[in-house]
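*Asks:*
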Amino acid sequence: MDAVNAFNQELFSLMDMKPPISRAKMISITKSAIKAIKLYKHVVQIVEKFIKKCKPEYKVPGLYVVDSIVRQSRHQFGADKDVFGPRFTKNITGTFENLCLCPTEDRSKIVRVLNLWQKNGVFKIEIIQPLLDMAAGSSTRLPHAESPARPDGCPARGTKGCF
């Protein structure tokens, strides 16, 4: 549990810095996540909580943390033994809803990460496509939402959109 606490402190210390986050800091966060791999569920939950609770300007750095952890885990242990990717997938729609609360000028960075994930096969297209739609603004409702869009193209009343 010490490794998880160390990761938590490392991640939340991001808020003491002004974005953009340095490469050295990102490496440090990623290393502490990999050290806590036995408690990977806690690590994922901490990152999701960070993205949910942080100020808008820290949303994209939170996504970069997800990207860095998943790519390092896949590189170090192989795609078949990566535990972080599948775990991040469980709540990825909710995580991206929180990510979409970032400043408007940062939205292209979210799309860029998703395109890289698609290109490199980090996640399946069935997972990435709804997120791309959400980030690009072409679909502002969740894929499983039953409420239809209004004729003017806006999401139905009561649904929570990305933008």
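Numbering (full-length UniProt numbering), first residue to last: 1 to 163. All C-beta atoms in this analysis are idealised placements derived from N, C-alpha and C, irrespective of residue type, glycine included. Fair warning: this is a prediction, and the values are worked out from it, not measured in the lab.
Nearest by alpha-carbon distance to Val4: which of Glu97, Ser32, Lys49 is it?
*Replies:* If we check each option's Cα against that of Val4, Ser32 comes out closest.
*Asks:* For the candidate residues Val122, Thr104, Thr93, Pro103, whose alpha-carbon lies nearest to that of Asp133?
*Replies:* If we check each option's Cα against that of Asp133, Thr93 comes out closest.
*Asks:* Consult DSSP for Phe123 and reduce its assignment to one of helix, strand or coil.
*Replies:* Coil, per DSSP.
*Asks:* Locate the alpha helix (DSSP H) running through Asn91, then write down its first and last residues.
*Replies:* Asn91 -> no alpha helix (DSSP H), and no H or E assigned at all.
*Asks:* In the DSSP assignment, the alpha helix (DSSP H) including Asp67 goes from what residue to what residue?
*Replies:* Counting along the chain, the alpha helix (DSSP H) containing Asp67 begins and ends at 59-77.
*Asks:* If you reduce the DSSP assignment to three classes, tell me which class Ser13 lands in.
*Replies:* Helix at Ser13.
*Asks:* The alpha helix (DSSP H) that contains Thr30, what's its start and end?
*Replies:* Its alpha helix (DSSP H) spans residues 23-35.
*Asks:* So, for Asn8: in the same chain, excluding its five sequence neighbours on each side, which residues have a beta-carbon less than 8 Å away from its beta-carbon?
*Replies:* So the qualifying residues of the chain are Ile46.
*Asks:* Counting C-beta neighbours from all protein chains within 10 Å, is the total for Lys18 16 or more, i.e. buried, or is it exposed?
*Replies:* Exposed is the call here.
*Asks:* Here's the rule I'm using: 16 or more other beta-carbon atoms within 10 Å means buried, otherwise exposed. How should Leu63 be labelled?
*Replies:* Buried: at least 16 other Cβ atoms inside 10 Å.
*Asks:* Write down the C-beta distance between Phe50 and Leu11 rounded to the nearest angstrom, noting that I regard them as a contact closer than 8 Å.
*Replies:* That belief holds up - the Cβ atoms of Phe50 and Leu11 are roughly 6 Å apart, short of 8 Å.
*Asks:* Counting only the same chain and skipping the five closest in sequence on each side, list residues whose C-beta sits under 6 Å from that of Asn98.
*Replies:* Ile51, Lys52, listed in sequence order.
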